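Start counting the sequence shown at 85; every next residue gets the next number (the numbering used here). Glycine included, each C-beta is placed from N, C-alpha and C at the ideal position. Quantities reported herein were computed from a predicted structural model and do not represent experimental measurements.
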Amino acid sequence: MTGFAAHWNKNSNLAWAFDTWFLNLFAREKPFLFNGGGYATLSFIPTLATMVLGLVGGEVLRGQRQPWAKVRWLVLAGLIGLGAGAALGGLNICPVVKRIWTPSWVLYSGGWCFLLLAGFYSLLDVWNHKAWALPLVVIGMNSIGAYCMAHLFEGFVSGSLDTVFGANSFKVFGEAYAPLLHGTAVLLGLWLMLFWLYRRKIFLRI
């Protein structure tokens with residue numbers, strides 16, 4: 085990018101400059117020059133902002149507002165977040181980039197999360213439609229476990245599926261659909277692990 089937006093170019097901005105100073109303060113095998121993925125240490129700041137939005141949403145649900153007042157608050161906050169994030173990106177002030185967790189991504193993704201939270205809260209708590217939600221409850225009750233499994237066991241589950249069923253078994257609908265079927269099978273495998281924990285009331289918490 086050029087002009088004002090150039091400060092978001094990969095490995096050529098303030099965050100990159102900070103890392104070339106900060107990360108070279110520590111003993112290293114060779115000097116730090118750049119991160120191949122464009123990641124930066126300072127990205128922890130907007131990441132913390134996302135966590136704060138989650139805390140705000142949780143406090144709204146725990147608060148004293150009437151149920152539909154909570155829904156209206158979440159919907160309004162979601163629309164504001166979506167609009168603000170999209171506007172910052174559209175005006176080239178701050179691009180909406182998940183990889184480096186830009187501030188506009190915080191607002192845009194936070195907006196979607198508030199809207200989804202409003203929808204699920206309406207269905208589950210206001211209208212009391214809970215029977216369909218067991219698959220989500222299993223994940224939500226062990227969200228830390230789900231996160232860890234996704235990073236620690238995904239490769240094992242994926243390789244095991246190929247070993248047991250054969251890599252070509254997921255190409256039954258053609259090469260193009262193989263990643264979708266394989267990914268679905270991996271997700272099901274991880275969910276079954278979580279379901280085993282759920283049935284035994286084993287929950288990872290901090």
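Non-local C-beta neighbours of VAL155 in its own chain, meaning closer than 6 Å and more than five positions away in sequence, comprise ALA202 and SER206, ordered along the chain. In this structure, ALA90 lies away from ASN176, with their beta-carbon atoms at least 7 Å apart. Under the three-state reduction of DSSP, VAL180 is assigned to coil, being neither helix nor strand.
In the three-state reduction of the DSSP assignment, SER96 falls in the coil class.
In this structure, the beta-carbon distance from ALA170 to PHE198 does not fall below 7 Å.
Following the DSSP letters along the chain, one finds SER193 inside the alpha helix (DSSP H) bounded by residues 187-205.
Residue environment: ASN212 is assigned as exposed (fewer than 16 neighbouring CB atoms within 10 Å of its CB, all protein chains considered). With respect to the C-alpha of LEU200, the residue from VAL159, TRP185 and GLY174 having the closest C-alpha is VAL159. Burial check for PHE254: the Cβ neighbour count within 10 Å reaches 16 or more, so the residue is buried. Exclusion of the five residues before and after VAL221 leaves no residue of its chain whose Cβ lies closer than 7 Å to its Cβ.
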